[in-house]
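These notes are about the structure you will find just below.
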Amino acid sequence: MLGLTAPVRAVTGLARGSARVGALPVAVAMFLLSAMIWYLVGRIATYGFFSGDLHSSWGGPTLAGAWLVHALIALGIVIVSMWALAPLHRVYRRLTS
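Residues in the sequence shown are numbered from 165 upward in steps of one, following this note's numbering.
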């Protein structure tokens, strides 16, 4: 019996290993989407502190208008990115469990 269970464990281990390798592109996509979300949140939170000329900015010439327009655009991108992360997370969890 011990001789039969060892090959089964080895095959199961190989299957898990290949699934984890297959999960790598999903993990990279999730990382890139998450990094973009954090970048947008940080960029909008600090927009008025590091920007130079607001007169040519969307929503300018006031800081409040520029903040509002950029925040609304970033909010739309964040919502779509979060919507895309949910199925990616389900696929990743299925591949690594």
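Ideal placement from N, C-alpha and C gives every residue a C-beta, glycine not left out.
Quick caveat, the model's predicted, so the values are computed rather than measured.
With 16 other Cβ atoms within 10 Å as the buried cut-off, status of residue i
| i | result |
| --- | --- |
| T176 | Note that T176 scores a pLDDT of 49, beneath 50, so its modelled location is shaky and nothing firm can be said. |
| A199 | exposed |
| A228 | exposed |
| R254 | exposed |
From the options, residue whose alpha carbon lies closest to that of residue i
| i | options | result |
| --- | --- | --- |
| T210 | L232, M194, L197 and A193 | L232 |
| A194 | R258, S245 and T260 | Residue identity check: residue 194 is Met in the sequence provided, not Ala. Nearest C-alpha to M194: S245. |
Test item: CB-CB of residue i and residue j under 7 Å
| i | j | result |
| --- | --- | --- |
| I208 | A238 | yes |
| V190 | L252 | yes |
| L236 | A187 | no |
| V242 | L197 | no |
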